[in-house]
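K.L.:
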Amino acid sequence: MPDQFDTREARTRAVLALLAAKGALSAGRIAAELRTTRDAVTRCLALPLFEPATPGRRTRYQLSEAGRRAVDELTK
Numbered sequence: 010m011p012d013q014f015d016t017r018e019a020r021t022r023a024v025l026a027l028l029a030a031k032g033a034l035s036a037g038r039i040a041a042e043l044r045t046t047r048d049a050v051t052r053c054l055a056l057p058l059f060e061p062a063t064p065g066r067r068t069r070y071q072l073s074e075a076g077r078r079a080v081d082e083l084t085k
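Quick look at the structure:
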């Protein structure tokens, strides 16, 4: 599947917006929602804007405190 985002920043903003709207999601679900690759999403989730909500086999990710502040800045 080709990546629809031309920059990492655009992809990160899309992941921020998706998690802000839907809550905790797995990397695979985020990739499916954004129509991008799981590898690309995993690279975004390594940023300090995100944190694991539920560890385990199917880790779900949520916004960290820094991520919530970033969303607030984007929505101003």
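If you're matching positions, the sequence shown starts at 10 in my numbering and goes up one per residue.
Note that the Cβ used here is the ideal one computed from N, Cα and C, for glycine as well.
Considering only residues of the same chain and omitting the five flanking positions on each side of THR68, which have a CB-CB separation below 7 Å?
P.N.:
Taken in chain order, the residues that qualify are SER35, PRO61.
K.L.:
Which runs of the alpha helix (DSSP H) spanning at least 4 residues fall entirely within the segment 11-75, listed in chain order?
P.N.:
Runs found: 17-31, 36-43, 47-54.
K.L.:
Rank ALA49, PRO64, PHE59 by C-alpha distance to the C-alpha of ARG78 and give the top, closest one.
P.N.:
Ranking the options by Cα distance to ARG78, first place goes to PHE59.
K.L.:
Note down, in chain order, each residue of its chain lying with its Cβ closer than 8 Å to the Cβ of LEU25, except the 5 sequence neighbours on either side.
P.N.:
So the list reads LEU58, LEU72, GLY76, ALA79, VAL80, LEU83, once near-sequence residues are dropped.
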